[in-house]
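Before any comments, here is the structure.
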Amino acid sequence: MAARPTAGSSAAYGPPSDVHPVLRRASAPPAALDLLTKARHGLDEAETLESANERFATAHLAALRGAAAVLAVRGRPEPTARRRKTIRSAWEVLPEVAPELAEWSALFAAGAARRARAEAGIAGAATRRDADDLLRDAGMFLRLVERMLRLQPVLPPQRAGDPSGSWGRAG
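All residue numbers for the sequence shown refer to my numbering, where the first residue is 179 and numbers rise by one.
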């Protein structure tokens, strides 16, 4: 039978770096980072487009890719027994998994029909000002999403042989 370390010994606490858990920053999964990269490229492309319809649709798509990145990291909301499995837009699901983005979700959901008209090439679906406003909003949204996903705090991994989950503290 192995001897247990006493409470006063340093073996009870592990190496000094393990005395207190420290939040570390973890990057988002590769799929989410890929979506963020595509979103950023889409936003850059939207800035160069001349047509208001194309600028609007491309900026909206960039924001949608940002929302998809959040959903890729945070997952799906828990289903309820009463709710039928229906197809819902990312803008409907986003507030359930990221409540802090609810207002952004409402803003972009309101522009979804206009984006569809702009993509269809309907003249005047979006004005130059609409496109510029959406471009600016999508840029702010993507910066917020990037900050959320790239700086997500996580606890350090649990030490092997420490079933208490105390990260080095005496139990």
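Note that the Cβ used here is the ideal one computed from N, Cα and C, for glycine as well.
| query | result |
| --- | --- |
| Limits of the unbroken alpha helix (DSSP H) element including Ser283 | 280 to 288 |
| Proximity below 8 angstroms, CB of Arg295 to CB of Ala287 | no |
| Integer-rounded CB distance, given that Ala224 should sit under 8 angstroms from Leu313 | 6 angstroms |
| Assigned exposure category for Ala283 - 16 Cβ within 10 Å defines buried | The sequence shown places Ser at residue 283, rather than the Ala named in the question. Counting Cβ neighbours within 10 Å, Ser283 comes out buried, since at least 16 surround it. |
| Beta-carbon spacing of Ala209, Leu221 below 8 angstroms | no |
| Where the alpha helix (DSSP H) containing Lys216 begins and where it ends | 208 to 226 |
| Buried/exposed call for Gly253, threshold 16 Cβ in 10 Å | exposed |
| Three-state secondary structure assigned by DSSP to Thr236 | helix |
| Proximal residues to Val251 (C-beta, below 7 angstroms), its chain only, five neighbours per side dropped | Ala206, Pro207, Ala210, Leu327 |
| Buried versus exposed, by CB contacts within 10 Å (16 or more), Gly244 | buried |
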